[in-house]
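Sequential numbering from 99 applies to the sequence shown in my numbering.
Positions of the beta carbon are idealized from the N, C-alpha and C atoms, including for glycine.
Predicted model only: the values in this text are computed from it and were never measured.
Some notes on the structure that comes next.
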Amino acid sequence: MATIQVEIPDIGDFDDVSIIEILVAAGDTVAVDESLITVESDKASMEIPSSHAGVVQSLAVKLGDTVNKGSVILTLETAETADASTPAAPVAATPAPAEPVPQQTEAAAPSTEAPAGMPAELTAEPASPSHIGKSASVEAEEAQQRLQAHQPADQPLNNLSHASPSVRKYARELGVPLMQVQGTGAKGRITHEDVQSYTRAVMQQAQQGATAAVQTGSGMPGIAEWPQVDFTKFGEIERKALSRIKKISGSNLHRNWVMIPHVTNHEDADITELEAFRKQLNEEQKRAKSDVKVTMLAFLIKACVAALKEFPDFNASLDGDEVVLKKYFHIGFAADTPRGLMVPVIRDCDQKGVLEISQELSTLAKKARDGKLSPSEMQGACFSISSLGGIGGTYFTPIINAPEVAILGVCRHAMKPVWDGSEFKPRLILPMSLSWDHRAVDGAAAARFNAYLAQVLADFRRVML
Ligand code: CAO
C-alpha cells in the first residue's frame, strides 16, 4: 500500500488552465488512464488521466481552479509502492470547439447503440487510435474535416459546439449530434445533462411517432394518412372492441406482412387416391369404434414433413447473417376460433403416424376453440399450414408466421377434368398456395417444394422414401 499525490503532467504549451470538470470523488476506485479532471485553456480542453490505479483519498482541487504542470490533483491510495508524488499519465489536447474525438478511457458509457430515430450519419463514429503526439492544431484541422463530412449544407461551419471531451465522448456513444444540442452550462457549454435531455426528447418524439404510426397505419414517408371517416353520416353503425387475440394476432400479422418479402406459388395436387384412402380409413375407424376422424389436414402435415426433409431450407429461420436449420419437425396449423385466429403446434410430426396426428389435431383444435391452449402448445413451430378446405375457396395468400420462412395454404378440393394424354379424366384436385420468404428461399426452390408436395399427395407411399 502507498499513498501518492497525482499531479498535472506536462501538458505542453498550456499554462494556467482552468478545471472545468471533476470526474471523480473521494472514495472512488480509479484505473490507470481513467480520466480524473477536465481542464481547458482558451485553445483546447483535455482530460487528465490517472497515472496509477487506486482509491481516491481526497481531492486537492475544485471546479474553476487554475492549474499548471505539477499542481496536485488528488491523493490516491495504491496497492503498489510509489514515490510520494507522481504526475498523471500523459494527455492529448482536444481543440475545444470541435467534433467529438475518441478518448483512451471507457468511462461513462451506458450504451453504444444510437437511439431509434437518429439519422445513421449522425451516430457514433468508430473509435480511432490514440491522439497522443498530435498537436492541437493538427487535431483541430482533422476534427474540422470530420465535421465537414457530417455538416448539412445549410449549416455554417463556424456553428461549433462547446463541450468537454467527456461530454463529447458521451454524446458520441449515444449518437447525439452535438451541434443540435442547446448548451446550458457556463458560456453556453454543453453538459452531460444537456445531452441526456436531448436524447430524452428524441426518444419521446420517436415513441410518439411510432404509436401514431401503429394507430393510423401510416406515419411512414410517402404513405398517406389513414382515412378518418364519420361512418354515421352514411348509416347506422355499431362499435365493438377488438378481442385480445385479434389485437395480438393482428399486430403479429401486420409485422410479418410488412417485414417479410412474401411470394406465393400455387400448385394443384391430385388427391383422388388419397381421398379414397382417407374415406376407407375413417370407415375402419368407425367399425373399430374409435373416435379418431382423419381429415386431409393430417395427411398434409405428413406430406409437408416429407417435403421439409427434402428441402431443408424451408425448415429454417433467419437469424441475422445466419440461417438456423432445424432438425425437428413441429408443424403449426391455423385454427379459426370465436376469439380469433390461433396456431396450435403438433410436435415431432416426423415420429407420428396419421392417426396420432389426427387425434392431436382434433384435441388441439378443440382446446383452441375453448380458449384452453397453453402458451407451450403454440410454440416451436417450424412450418405452418392454414387449411380452409372445410370452408371453401380456391387459392389465397397465407401470411408467413415469423420466424418461420414458409406457410402452406390449402382450399377446398374439387373434381376437375384432367388430361391424361389421351382423354380427360375426373380427378379430385386440391388447390395449394405456398407463401415463402424470399430472403430465405427463392422461386425455383419454392416451385420444387410444391411439385414434390403434389407428388407425395398423389402417391402417398412416397412419404416413406
Ligand atoms: N377440401 C374439401 N373438404 C375438406 C378439406 C378440403 N381441403 N379439408 C377438410 N375438409 C372437410 C373435412 O373432411 C370435413 O368434412 P366432413 O365433416 O364431411 O368429414 C370438413 O371439411 C370440416 O373439416 P374440419 O375443418 O373440421 O377439419 P380439418 O382437419 O380440415 O381442419 C381446422 C381443422 C382446425 C384447421 C379447421 O377447423 C379450421 O379452423 N380451419 C380454418 C383455418 C383458418 O382460419 N385459416 C385461415 C388463416 S388466415 O386468417
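Query                                                                                                                           : Result
In chain order, each alpha helix (DSSP H) run of at least 4 residues that lies wholly inside the stretch 384–461                : 394–408
Reduced DSSP secondary structure (H/G/I, E/B, other) of residue 164                                                             : strand
Separation of residue 498 from residue 143, as counted between CA atoms                                                         : 56 Å
Residues bridged to residue 482 (per DSSP)                                                                                      : 430, 505
Rounded C-alpha distance that separates residue 121 from residue 147                                                            : 10 Å
8 Å contact criterion, which residue 535 and residue 359 should meet: CB distance rounded                                       : 7 Å
Backbone CA spacing between residue 380 and residue 456 [nearest angstrom]                                                      : 11 Å
Cβ shell of residue 445 (< 6 Å), same chain only, five flanking positions each side left out                                    : 428
Heavy atom of ligand 1 within 7 Å of residue 393 beta-carbon                                                                    : yes
Check: residue 528 C-beta below 7 Å from any heavy atom of ligand 1                                                             : yes
Beta-bridge partners of residue 354, as assigned by DSSP                                                                        : Paired residues: none, contrary to the question.
With 16 other Cβ atoms within 10 Å as the buried cut-off, status of residue 161                                                 : exposed
Assigned secondary structure, residue 329 (DSSP; H/G/I helix, E/B strand, else coil)                                            : helix
Cβ pair count under 8 Å reaching 3, the stretch 478–489 against the stretch 341–355                                             : no
CB contact flag (residue 159, residue 175, <8 Å)                                                                                : no
Beta-carbon separation (whole angstroms), residue 430 vs residue 482, contact threshold 8 Å                                     : 4 Å
C-alpha distance - residue 459 paired with residue 302, whole-angstrom precision                                                : 46 Å
Separation of residue 300 from residue 131, as counted between CA atoms                                                         : 33 Å
Beta-carbon proximity of residue 500 to residue 539, cut-off 8 Å                                                                : no
Cβ-heavy atom distance, residue 416 to ligand 1, below 7 Å                                                                      : no
Cutoff 6 Å; reference residue 413; Cβ partners in own chain excluding five residues on either side                              : 406, 424, 480
Whole-angstrom distance between residue 375 and residue 506, CA atom to CA atom                                                 : 22 Å
Paired residues, beta bridge with residue 525 - DSSP                                                                            : 514
Straight-line Cα distance separating residue 543 from residue 318                                                               : 33 Å
Buried versus exposed call for residue 554 [16 or more other C-beta atoms within 10 Å across all chains shown]                  : buried
Three CB pairs or more closer than 8 Å across the stretch 434–450 and the stretch 336–348                                       : yes
Cut-off 7 Å between Cβ atoms - residues of its own chain near residue 493, not counting five sequence neighbours on either side : 364, 509, 529, 531
Run of the alpha helix (DSSP H) containing residue 555, from where it starts to where it stops                                  : 541–556
Three-state secondary structure assigned by DSSP to residue 144                                                                 : strand
Buried or exposed (CB count within 10 angstroms, at least 16 for buried), residue 118                                           : buried
Top-ranked residue by Cα proximity to residue 105, from 157, 418, 356, 127                                                      : 157
Closest Cα partner of residue 284 within the set 295, 401, 298, 262                                                             : 262
Per-residue DSSP class, three states only, for residue 363                                                                      : strand
Any non-hydrogen atom of ligand 1 within 7 Å of residue 260 CB                                                                  : no
Closest residue to residue 116 among 102, 129, 137, 109 (Cα-Cα distance)                                                        : 137
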